[in-house]
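Student: One structure is given below, represented as C-alpha cells, and several questions about it will come after.
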Amino acid sequence: MKCVMCNKGTLKETNVEYKEYRVLLGKYKASVCTKCEEAFFDTETAKKIQVKSKELGLLGLAKRQKWLKLAIA
Ligand SMILES: [Zn+2]
Numbered sequence: 029m030k031c032v033m034c035n036k037g038t039l040k041e042t043n044v045e046y047k048e049y050r051v052l053l054g055k056y057k058a059s060v061c062t063k064c065e066e067a068f069f070d071t072e073t074a075k076k077i078q079v080k081s082k083e084l085g086l087l088g089l090a091k092r093q094k095w096l097k098l099a100i101a
C-alpha cells in the first residue's frame, strides 16, 4: 500500500508508541510510511487511542490536531 502523504513510500505495519503532549498513551498497531514516517491508524485503533486520550483528559487538546502525532519506538 502506498503512502497518501508523500506518494513515495510504502506502508509497513508496525507497533508504535503513541504520545500526546508528552504523555505516553501506549503502543498501537499502525501502518508507518517507510519514507516520511507518517503513521496511519485503522478505525479500531484510532478509537482505542481516543478512549485512552479521554481517560487522561487530553481529548479537548487533541481536537485541534489534524493528524495524530507519534513517536516511533
Ligand atoms: Zn509517506
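Numbering (the numbering used here), first residue to last: 29 to 101.
Note that beta-carbon positions come from the ideal geometry of N, C-alpha and C, so glycine has one too.
None of these values were measured; they are calculated from a predicted model.
1) With a threshold of 7 Å (Cβ to nearest heavy atom), would Met-33 be considered close to ligand 1?
2) Would you kindly report the start and end of the unbroken beta strand (DSSP E) that includes Lys-82?
3) Near Glu-41, which residues of its chain fall below 6 Å by C-beta distance, leaving aside the five closest residues on each side in sequence?
4) What does DSSP give as the partner residue(s) for Gly-54 in the beta ladder?
5) Hey, would you say the C-beta of Lys-40 is under 7 Å away from at least one heavy atom of ligand 1?
6) When you measure from the CB of Glu-66 to every non-hydrogen atom of ligand 1, does any distance come out below 7 Å?
7) Where does Ala-101 fall in DSSP's three states?
Tutor: If we stick to the structure as given:
1) Here residue 33 is taken as the residue at index 5 of the sequence shown, counted from 1. The answer is yes for Met-33.
2) In the sequence shown, the residue the question calls residue 82 occupies position 54. Per DSSP, Lys-82 belongs to no beta strand (DSSP E); it is in the alpha helix (DSSP H), 71-83.
3) The count along the sequence shown starts at 1 and reaches residue 41 at position 13. Here the set comprises Ser-59.
4) Numbered from its first residue, the sequence shown carries residue 54 at position 26. Note: Gly-54 sits in a beta bridge opposite Tyr-46.
5) By 1-based counting over the sequence shown, the position of residue 40 is 12. Not so, every heavy atom of ligand 1 lies at least 7 Å from the Cβ.
6) Position 38 of the sequence shown, counting from 1, holds the residue named residue 66. Yes, the Cβ of Glu-66 comes within 7 Å of a heavy atom of ligand 1.
7) Taking the sequence shown and counting its residues from 1, one reaches residue 101 at position 73. Because Ala-101 sits at a pLDDT of 43, beneath the cut-off of 50, its placement in the model cannot be relied upon, and the following sentence gives the value as read from the coordinates. Coil.
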